[in-house]
Amino acid sequence: MIVDPETAGDDVRLTADLEEVYRAHWAALVRLAWLTLGSRNDAEDVVQTAFLRLEQASAQIDDPFSYLRRIVINLALDQHRRASVALRHRPEPAPPSLNPETEEVWANVQRLPLRQRQALVLRFHADLTFEQIAADMDCPVGTVKSLVHRGLATLRGAIER
Amino acid sequence: MTNIETRLTATFDELAALIPDTPVSSFEEAKARYAALRSGAVLDELTIQTELRRTKRPRWRRRPRSLTTVIVAGLVAAGGVGTGIAAAAGAFGPGPGVQHVFRQLTKSVGRGVPGAKSVVPITVSSSTSEHFLVTEPGPEGTTITVWSDSPTPGVNCFVSEVSEAGDPTFPGKPTQQNGGGCGGAPSSSASANATMLTGGGGSIWRSSSGALYMIVSSATVPGTVRVTVAFADGSAITPTVGNGWFAFGVRYNEWAGGFTQTEYSGSGAALYTSKQPPAGSH
Numbered sequence: 331m332i333v334d335p336e337t338a339g340d341d342v343r344l345t346a347d348l349e350e351v352y353r354a355h356w357a358a359l360v361r362l363a364w365l366t367l368g369s370r371n372d373a374e375d376v377v378q379t380a381f382l383r384l385e386q387a388s389a390q391i392d393d394p395f396s397y398l399r400r401i402v403i404n405l406a407l408d409q410h411r412r413a414s415v416a417l418r419h420r421p422e423p424a425p426p427s428l429n430p431e432t433e434e435v436w437a438n439v440q441r442l443p444l445r446q447r448q449a450l451v452l453r454f455h456a457d458l459t460f461e462q463i464a465a466d467m468d469c470p471v472g473t474v475k476s477l478v479h480r481g482l483a484t485l486r487g488a489i490e491r
Numbered sequence: 259m260t261n262i263e264t265r266l267t268a269t270f271d272e273l274a275a276l277i278p279d280t281p282v283s284s285f286e287e288a289k290a291r292y293a294a295l296r297s298g299a300v301l302d303e304l305t306i307q308t309e310l311r312r313t314k315r316p317r318w319r320r321r322p323r324s325l326t327t328v329i330v331a332g333l334v335a336a337g338g339v340g341t342g343i344a345a346a347a348g349a350f351g352p353g354p355g356v357q358h359v360f361r362q363l364t365k366s367v368g369r370g371v372p373g374a375k376s377v378v379p380i381t382v383s384s385s386t387s388e389h390f391l392v393t394e395p396g397p398e399g400t401t402i403t404v405w406s407d408s409p410t411p412g413v414n415c416f417v418s419e420v421s422e423a424g425d426p427t428f429p430g431k432p433t434q435q436n437g438g439g440c441g442g443a444p445s446s447s448a449s450a451n452a453t454m455l456t457g458g459g460g461s462i463w464r465s466s467s468g469a470l471y472m473i474v475s476s477a478t479v480p481g482t483v484r485v486t487v488a489f490a491d492g493s494a495i496t497p498t499v500g501n502g503w504f505a506f507g508v509r510y511n512e513w514a515g516g517f518t519q520t521e522y523s524g525s526g527a528a529l530y531t532s533k534q535p536p537a538g539s540h
């Protein structure tokens with residue numbers, strides 16, 4: 331619980347809890363954002379913004395990780411839209427050395443539309459159910475199934491031809 | 259699971275493993291860095307590293323500075339932003355922490371730093387090219403020391419260090435750098451025009467007591483003999499000016515409240531004034 335009604339005015343308690351949440355969930359959220367956006371820099375920015383929003387949240391939040399995950403998913407969409415119209419000057423860390431199979435899959439994943447990529451990452455990395463993904467992406471379950479199906483079909487066509 | 263699903267999961271797993279399990283800094287530190295970055299209020303628009311501060315490494319494990327000092331450089335000579343950054347990043351292969359700092363700098367550099375064009379992380383590999391610039395008492399009994407360095411021909415940098423009591427300091431060669439920045443010129447073709455060391459930088463530094471400070475190092479305009487820095491709470495400091503440079507360390511909150519920096523000539527004329535609004539106000 332991030333904001334406890336009994337200690338809502340206690341900054342120390344609030345900060346300590348937030349630090350705990352930060353340490354516990356930072357990596358998972360950066361991984362999620364990175365796999366979605368394909369940019370480590372953007373992923374860290376998005377996650378930092380998500381934590382700032384959590385800090386500023388006035389409502390009681392019982393499940394901070396789910397809350398953060400939804401913010402990250404939404405911010406990733408915004409970031410993707412901005413990135414498509416903005417010149418990018420920031421240097422990315424050197425691409426990691428991956429085995430050829432991973433590189434092939436990763437390259438094709440990055441070519442998918444963002445919503446398909448998000449659905450695949452949430453399904454096959456975060457291991458969420460279709461229902462959970464639908465809640466996070468704020469869309470019907472059928473839409474999620476369709477996004478996953480189309481994403482897999484595209485990858486299958488590109489990789490297993 | 260189908261074959262493609264298995265491969266997809268394996269790909270995500272392999273990539274995810276490249277992200278460290280824990281963040282490089284606390285949330286409060288990260289927040290302070292981002293606030294500083296957004297504010298653009300550092301004297302020279304360079305906001306750098308907490309990741310490299312000494313407190314991360316136990317004293318007995320500190321490596322010689324020549325091996326470990328990865329600092330961030332502001333380029334003052336000609337050279338494209340993109341090419342300078344890309345070349346440097348490739349050449350030195352900084353880790354995620356350095357890359358993070360590096361990325362922050364690329365957002366802020368180039369605004370307000372005379373001649374600044376780009377930033378690169380560099381490794382200071384030689385002590386023979388270092389020259390003392392200025393020293394100033396720092397927070398909590400520390401000493402801030404600034405010196406210049408030319409690790410390679412044509413690359414002019416400044417390096418600042420926060421030393422605790424008992425640590426060897428320049429010219430005895432500090433054993434470890436706490437943080438710093440440098441301004442210089444890129445190597446290779448763009449370096450020929452770099453003859454002056456300009457700019458400066460600020461780094462967020464956490465003391466052993468846990469307090470956050472902003473350590474600022476800056477070049478002065480020519481002819482400056484005295485500098486005053488007045489903060490929003492009414493306090494003011496007059497850091498020592500030496501070799502055209504000065505440095506100071508203040509509580510992060512005090513720095514973030516905004517300040518006015520004035521540089522005076524020997525006759526008392528104000529040569530340069532810079533008013534920095536509170537961090538995050540623009």
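If you read the protein sequences in the order shown, they are chains A and B.
Mapped onto the numbering used here, the consecutive letters of the first sequence carry residue numbers 331 to 491.
Mapped onto the numbering used here, the consecutive letters of the second sequence carry residue numbers 259 to 540.
Even glycine gets a Cβ: it sits at the ideal position worked out from N, Cα and C.
Excluding the 5 residues flanking residue i on each side, which residues of the same chain have their C-beta closer than 7 angstroms to its C-beta?
| i | result |
| --- | --- |
| K533 (chain B) | T518 |
| P397 (chain B) | S465, Y471 and G507 |
| D375 (chain A) | none |
| V474 (chain A) | A449, F460, I463, A464 and M467 |
Which residues in the same chain as residue i place their Cβ atom closer than 8 angstroms to its Cβ, once the five residues preceding and following it in sequence are excluded?
| i | result |
| --- | --- |
| L442 (chain A) | L450, G481, T484 and L485 |
| V483 (chain B) | V499, Y522, S523 and G524 |
| H355 (chain A) | P394, F395 and L398 |
Relative to the C-alpha of residue i, which candidate in the options has its C-alpha closest?
| i | options | result |
| --- | --- | --- |
| Y352 (chain A) | B:E398, B:V479 and B:K289 | B:K289 |
| D347 (chain A) | A:Q448, A:P394 and A:L362 | A:P394 |
| H479 (chain A) | A:D466, A:E434 and A:F454 | A:F454 |
| I402 (chain B) | B:A514, B:G516, B:F390 and B:A505 | B:A505 |
| L365 (chain A) | A:R411, A:T379 and A:Q440 | A:Q440 |
| I473 (chain B) | B:Y510, B:P480, B:F390 and B:N501 | B:Y510 |
| N429 (chain A) | B:A469, B:R265, B:F285 and B:G481 | B:R265 |
| L407 (chain A) | A:E431, A:A437, A:L444 and A:L382 | A:L444 |
| E431 (chain A) | B:L273, B:E512, B:G468 and B:S467 | B:L273 |
| G502 (chain B) | B:G481, B:W513 and B:G526 | B:G481 |
| E286 (chain B) | A:V474, A:N438 and A:E349 | A:E349 |
| D457 (chain A) | B:E263, B:G526 and B:S421 | B:E263 |
| L391 (chain B) | B:G399, B:T400, B:S475 and B:S421 | B:S475 |
| A437 (chain A) | A:A363, A:L359 and A:G368 | A:G368 |
| I403 (chain A) | A:V471, A:L382 and A:I463 | A:I463 |
Classify residue i: buried if its beta carbon has 16 or more other beta carbons within 10 angstroms, exposed otherwise.
| i | result |
| --- | --- |
| A373 (chain A) | buried |
| R323 (chain B) | Caution applies to R323 (chain B), whose pLDDT of 31 falls short of 50 and renders its modelled position unreliable; the value that the coordinates give is listed next. Result: buried. |
| S418 (chain B) | buried |
| M259 (chain B) | exposed |
| R411 (chain A) | exposed |
| E490 (chain A) | exposed |
| S467 (chain B) | exposed |
| G399 (chain B) | exposed |
Should residue i be flagged as near chain B, meaning a C-beta pair shorter than 8 angstroms?
| i | result |
| --- | --- |
| L450 (chain A) | yes |
| E431 (chain A) | yes |
| A464 (chain A) | no |
| L348 (chain A) | yes |
| F460 (chain A) | no |
| Y352 (chain A) | yes |
| I332 (chain A) | For I332 (chain A), the predicted model reports a pLDDT of 35, less than 50, meaning its position is unreliable; a value from the coordinates is still stated below. Not one chain B Cβ lies under 8 angstroms of I332 (chain A). |
| A387 (chain A) | no |
| A416 (chain A) | Caution applies to A416 (chain A), whose pLDDT of 38 falls short of 50 and renders its modelled position unreliable; the model cannot decide the point. |
| Q378 (chain A) | yes |
I'd like to know whether the C-beta of residue i is nearer than 8 angstroms to at least one C-beta of chain A.
| i | result |
| --- | --- |
| K467 (chain B) | According to the sequence as given, residue 467 (chain B) is Ser; it is not Lys. Answer no: the Cβ-Cβ gap between S467 (chain B) and chain A never drops below 8 angstroms. |
| P497 (chain B) | no |
| L470 (chain B) | no |
| R509 (chain B) | no |
| P536 (chain B) | no |
| R464 (chain B) | no |
| S532 (chain B) | no |
Cα separation between residue i and residue j?
| i | j | result |
| --- | --- | --- |
| G494 (chain B) | E433 (chain A) | According to the sequence provided, residue 494 (chain B) is Ala. The question's Gly does not apply to it. Those two C-alpha atoms are separated by around 56 angstroms. |
| A528 (chain B) | V485 (chain B) | 9 angstroms |
| G355 (chain B) | P281 (chain B) | Any reading at G355 (chain B) is ruled out, since the residue's pLDDT is 28, under 50, leaving its predicted position unreliable. |
| T478 (chain B) | A488 (chain B) | 16 angstroms |
| I323 (chain A) | A380 (chain A) | The structure shown has nothing for residue 323 (chain A), since chain A only spans 331 to 491. |
| H389 (chain B) | S406 (chain B) | 5 angstroms |
| A275 (chain B) | D491 (chain B) | 47 angstroms |
| A268 (chain B) | Q378 (chain A) | 27 angstroms |
| E394 (chain B) | P497 (chain B) | 7 angstroms |
| A357 (chain A) | D466 (chain A) | 18 angstroms |
| R421 (chain B) | F270 (chain B) | Reading off the sequence, residue 421 (chain B) comes out as Ser, not Arg. One C-alpha to the other measures close to 43 angstroms. |
| Q448 (chain A) | A488 (chain A) | 19 angstroms |
Within a Cβ cutoff of 6 angstroms, which residues of the same chain sit near residue i, ignoring the five residues on either side of it in sequence?
| i | result |
| --- | --- |
| P536 (chain B) | G515 and G516 |
| T531 (chain B) | T520 |
| A469 (chain B) | none |
| E512 (chain B) | F489 |
Report whether the distance from the Cβ of residue i to the nearest heavy atom of the ligand FAD is below 7 angstroms.
| i | result |
| --- | --- |
| Q534 (chain B) | With respect to small molecules bound, the structure shown includes none, and the ligand FAD cannot be examined in it. |
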